[in-house]
Amino acid sequence: MPTFEQSIYLIAALVTVANCAACAAVLRSGLYTRSQVILPSAAIWLVPIFGALLIALILRSLDHSK
Numbered sequence: 002m003p004t005f006e007q008s009i010y011l012i013a014a015l016v017t018v019a020n021c022a023a024c025a026a027v028l029r030s031g032l033y034t035r036s037q038v039i040l041p042s043a044a045i046w047l048v049p050i051f052g053a054l055l056i057a058l059i060l061r062s063l064d065h066s067k
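See the structure below:
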């Protein structure tokens, strides 16, 4: 069973993969130009990654303070 920290990383990775698939589908649809899709989706990719890193750092600092 994965630890809580590993679960956070796994969730962030799954969200990133799902967003990549959604971004690719939107690009293939031809409704938007490449620059209209890439910038907002790049920000969406970074949110779960930085969130997971922040939570992991907080958990690690709490664990070391014991």
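Be aware that the sequence shown starts at 2, since it is given in this note's numbering, and climbs by one per residue.
No residue lacks a Cβ here, since even glycine has one placed at the ideal position from N, Cα and C.
Please read these numbers as outputs of a predicted model, since none were measured by experiment.
Candidates the options: closest to residue i by CA position
| i | options | result |
| --- | --- | --- |
| F51 | T17, Q37, P3, F5 | T17 |
Residue i to residue j span [Cα, whole Å]
| i | j | result |
| --- | --- | --- |
| D64 | I45 | 29 Å |
| L32 | L54 | 34 Å |
| L7 | P41 | Sequence check: residue 7 is Gln here, not Leu. When rounded, the distance between both Cα atoms is 27 Å. |
| S62 | A43 | 29 Å |
Proximity of residue i and residue j at Cβ, strictly below 8 Å
| i | j | result |
| --- | --- | --- |
| I9 | A57 | yes |
| N38 | C24 | It is worth fixing the name first, because residue 38 is Val in this sequence and not Asn. Yes. |
Rounded distance between the beta-carbons of residue j and residue i, thought under 8 Å
| i | j | result |
| --- | --- | --- |
| L60 | F5 | 7 Å |
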